[in-house]
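These notes are about the structure you will find just below.
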């Protein structure tokens, strides 16, 4: 299974890319992802990577499904209303990042397998089992444009194609004529800025508000628009603009002349303010880069701390296991030694018994015995009953020991003649 989706943004300065990883819409191969059944599998894959990396990565990123480890996912958003998954990734391989900047890579592709597939009209619907996400040069899902944020902070936009605009209009993500396509927050911001150029402002405003609500981004709407959650107050319209709206073309010319003289005397100028805002935006980009670098360094420090903790725990477990094994070995040796000592004590006891039955002169008393007495009925060993094992067979070793004990206890003394 390889599911493709376009990149939506590349930040060259921060080494970040943003894109729609997947969405429940038909792709070029006539297949459609089943978002509801696939979502748990995407979460499981991301959670496994997060656990393996100590939270430093939310998903492995490769190049063209090959062996190159291009980077890692840093954000993953599940958009249930749109049945889509958006991601942000940090590209650490310089060559792979350059391909994104130059437009060689244009999208993301999910590598994995099918958990299930079934017929859905003319399409083949499936449940995905993701294993990795790759940067690719030919995505199949055309649901977003590619925005490049250059290292100097300037923005270059890759516009929607006519086909993409038509598809978005059919889904209600653009106006019927394909204008004001809005797929993500960046598109929403661009639409708000372009609102003043709309032919049908009422329709454009309703569409922008609708998409803002769908994207849960009503904070990007102007503060004086319906449904806006923007915190800052709406900027007041300048007195000059209000006056200009009430006058003829000839009056506007005079007003412009007055404006120019006013600026020369030190009055505020919106154009100058715009230049200042541009400098502020550049500063904000730099601050954002520093903040992201700080987060990366913090994540690395946390990952190192977790690694050191895991190492210490593993060492402690190893030392404990070594101590337990040593204790068991010492116990086994002690038991074996005790058994040997018992055997030696038994032999000593038998030896003492032999000594007790020897002649005072240093040797056993001797006497002449008849042939019949040699292992005959008078022999104590002959009177010992045969010892048998649990299965009924003769235990020769145990029998011999019993005979020896009987013989030592009742020695056959042969007197001297």
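In the working numbering, the protein residues as written are -18 to 398.
For every residue, glycine included, the Cβ atom is placed at its ideal position computed from N, Cα and C.
(request) Could you give the DSSP three-state label for residue 199: helix, strand or coil? (result) helix
(message) Beta-carbon within less than 7 Å of residue 368's beta-carbon, same chain only, minus the 5 sequence neighbours each way: which residues are those?
(response) 376, 379, 380 and 383
(message) As an exercise, report each continuous beta strand (DSSP E) stretch of at least 3 residues that is fully enclosed by the region 84 to 117, in chain order.
(response) 88 to 101 and 104 to 117
(request) Measure the C-alpha to C-alpha separation of residue 51 and residue 203 and round it to an integer number of angstroms. (result) 39 Å
(request) Taking residue -1 as part of the beta strand (DSSP E), name the residues at either end of that continuous run. (result) -3 to 4
(message) Less than 6 Å between C-beta atoms, sequence neighbours within five positions excluded: which residues of the same chain meet that for residue 366?
(response) none
(request) Quick one: grab the DSSP three-state call for residue 163. (result) coil
(message) At the level of alpha carbons, what is the spacing between residue 174 and residue 17?
(response) 35 Å
(request) Write down the C-beta distance between residue 106 and residue 13 rounded to the nearest angstrom, noting that I regard them as a contact closer than 8 Å. (result) 5 Å
(message) Check for me: the beta strand (DSSP E) holding residue 67 runs from which residue to which?
(response) 65 to 72
(request) Output the distance between the C-alpha atoms of residue 188 and residue 155, rounded to the nearest integer angstrom. (result) 8 Å
(request) Can you tell me which of the three DSSP states residue 379 falls into? (result) helix
(message) Here's a check: name, in chain order, each residue in its chain whose Cβ is nearer than 8 Å to the Cβ of residue 182, leaving out the five neighbours to either side.
(response) 176
(message) Using the three-state DSSP reduction, which class does residue 23 fall into: helix, strand or coil?
(response) helix
(request) Helix, strand or coil for residue 60, going by three-state DSSP, please let me know. (result) strand
(request) Please check the pair residue 69 and residue -3, which I expect to be a contact at CB under 8 Å, by giving their CB distance rounded to whole angstroms. (result) 6 Å
(message) Taking only three categories from DSSP, how would you classify residue 41?
(response) strand
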